[in-house]
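So the structure is just underneath, and the comments pick up after that.
Residue numbers (the numbering used here): 216 to 578.
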């Protein structure tokens with residue numbers, strides 16, 4: 216496969232970036248979407264959006280804003296994975312796909328051979344609301360499962376029983392909630408772990424209310440797993456560049472943030488966006504919108520589109536094909552990573568710079 220295509224036909228990088236620049240610069244409102252790239256790629260994407268007076272959004276914004284909206288309106292208590300590993304004698308896991316979001320989750324949170332703090336005196340307990348199937352125990356620790364057909368209702372019921380208030384639930388469910396509530400109240404340092412698509416804003420807010428209630432009598436905090444494709448890095452880079460997270464537009468000549476108006480899928484489906492640049496360097500993800508719009512795609516070679524984009528440029532993966540800086544769940548910080556399998560595949564930042572130069576000037 217060629218390193219680039221224009222209208223489905225092989226092209227050079229020079230031809231592809233020239234065509235991409237023409238498509239994006241002609242657009243009334245271009246949108247830069249996906250945003251699955253390292254910090255250099257995110258910075259380049261936002262700078263290009265500003266140059267084009269366009270908007271930008273991340274592919275996992277719905278999950279990002281489940282946490283971020285609660286943080287902005289209600290507040291969040293959270294800690295780092297290392298603090299959870301060292302201190303947590305109780306883990307409250309919420310969501311059926313935690314290990315899909317972070318496969319190394321329980322390996323990373325497992326106490327070491329020489330546990331410190333309270334874990335040296337008391338064995339860890341795990342309560343799991345809406346558990347993953349087949350996980351009866353984790354690292355030898357039995358899991359107390361609580362099925363949750365309705366996650367918000369179950370979290371609300373648990374919160375009520377922690378506060379010793381009545382709930383209108385059947386006896387079997389109430390007994391399970393009471394057993395879980397007893398474990399949570401007796402925690403010396405508890406950590407609520409959540410993530411995945413199952414939790415909406417109301418679920419996260421109810422969980423944070425539970426954490427807040429528990430802190431009246433003990434110590435409890437949270438560990439949000441976030442989303443893939445450097446979503447947390449995108450939030451931070453967007454914040455320091457514009458003062459806002461993603462779903463921000465430069466259409467008025469300055470950063471304008473609105474979680475509904477500048478949703479990339481809504482912009483394309485409504486016809487408000489008349490061109491799009493899709494960036495997905497970590498995974499072979501493609502846009503979810505169904506309406507046709509002139510599309511420039513910066514994706515790995517294995518990405519498949521039902522209809523070829525107007526311009527496609529195959530790019531390398533951060534920390535695999537080239538060195539990269541992105542958010543690390545393990546460290547709970549932005550870190551630099553060396554390429555594990557260096558190649559000559561271009562980075563997103565390098566391609567965006569060439570597109571910008573075709574438009575006129577550097578980013």
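Glycine residues also receive a C-beta, built at the ideal position from the N, C-alpha and C atoms.
Owing to the predicted nature of the structure, the values given are computational and were not obtained by experimental measurement.
Endpoints, beta strand (DSSP E) assigned at residue i
{"i": "residue 296", "result": "Premise fails: residue 296 lies in the alpha helix (DSSP H), 296 to 302, not in any beta strand (DSSP E)."}
{"i": "residue 291", "result": "Run containing residue 291: none; DSSP gives neither H nor E here."}
{"i": "residue 437", "result": "435 to 439"}
Buried or exposed (CB count within 10 angstroms, at least 16 for buried), residue i
{"i": "residue 354", "result": "exposed"}
{"i": "residue 390", "result": "exposed"}
{"i": "residue 519", "result": "exposed"}
{"i": "residue 216", "result": "Note that residue 216 scores 48 on pLDDT, short of 50, meaning its location in the model is unreliable and no value can be drawn from it."}
{"i": "residue 231", "result": "buried"}
{"i": "residue 369", "result": "buried"}
{"i": "residue 455", "result": "exposed"}
{"i": "residue 505", "result": "exposed"}
{"i": "residue 387", "result": "exposed"}
{"i": "residue 469", "result": "exposed"}
{"i": "residue 541", "result": "buried"}
Pick from the options that is closest to residue i, judged by C-alpha positions
{"i": "residue 305", "options": "347, 238, 343, 504", "result": "343"}
{"i": "residue 497", "options": "254, 349, 427, 398", "result": "254"}
{"i": "residue 363", "options": "311, 380, 524, 230", "result": "311"}
{"i": "residue 452", "options": "218, 433, 228, 250", "result": "250"}
{"i": "residue 481", "options": "515, 263, 274", "result": "274"}
{"i": "residue 394", "options": "409, 382, 377", "result": "377"}
{"i": "residue 375", "options": "226, 409, 424, 337", "result": "424"}
{"i": "residue 282", "options": "503, 437, 470, 472", "result": "437"}
{"i": "residue 286", "options": "233, 417, 256", "result": "417"}
{"i": "residue 301", "options": "406, 291, 365", "result": "406"}
Element boundaries [alpha helix (DSSP H), containing residue i]
{"i": "residue 455", "result": "446 to 457"}
{"i": "residue 560", "result": "Unbroken run through residue 560: none, as it is neither H nor E."}
{"i": "residue 235", "result": "228 to 241"}
{"i": "residue 257", "result": "254 to 267"}
{"i": "residue 429", "result": "416 to 429"}
{"i": "residue 401", "result": "Residue 401 -> no alpha helix (DSSP H), and no H or E assigned at all."}
{"i": "residue 377", "result": "366 to 377"}
{"i": "residue 316", "result": "313 to 316"}
{"i": "residue 324", "result": "320 to 324"}
Beta-carbon gap between residue i and residue j smaller than 7 Å
{"i": "residue 531", "j": "residue 562", "result": "yes"}
{"i": "residue 508", "j": "residue 483", "result": "yes"}
{"i": "residue 316", "j": "residue 479", "result": "no"}
{"i": "residue 266", "j": "residue 489", "result": "no"}
{"i": "residue 239", "j": "residue 571", "result": "no"}
{"i": "residue 446", "j": "residue 279", "result": "yes"}
{"i": "residue 299", "j": "residue 324", "result": "yes"}
{"i": "residue 420", "j": "residue 289", "result": "yes"}
{"i": "residue 495", "j": "residue 477", "result": "no"}
Cβ distance (whole Å) where residue i is taken to contact residue j below 8 Å
{"i": "residue 414", "j": "residue 309", "result": "7 Å"}
{"i": "residue 567", "j": "residue 260", "result": "6 Å"}
{"i": "residue 219", "j": "residue 528", "result": "5 Å"}
{"i": "residue 314", "j": "residue 347", "result": "6 Å"}
{"i": "residue 549", "j": "residue 458", "result": "Contact doesn't hold; Cβ gap of about 18 Å is too wide."}
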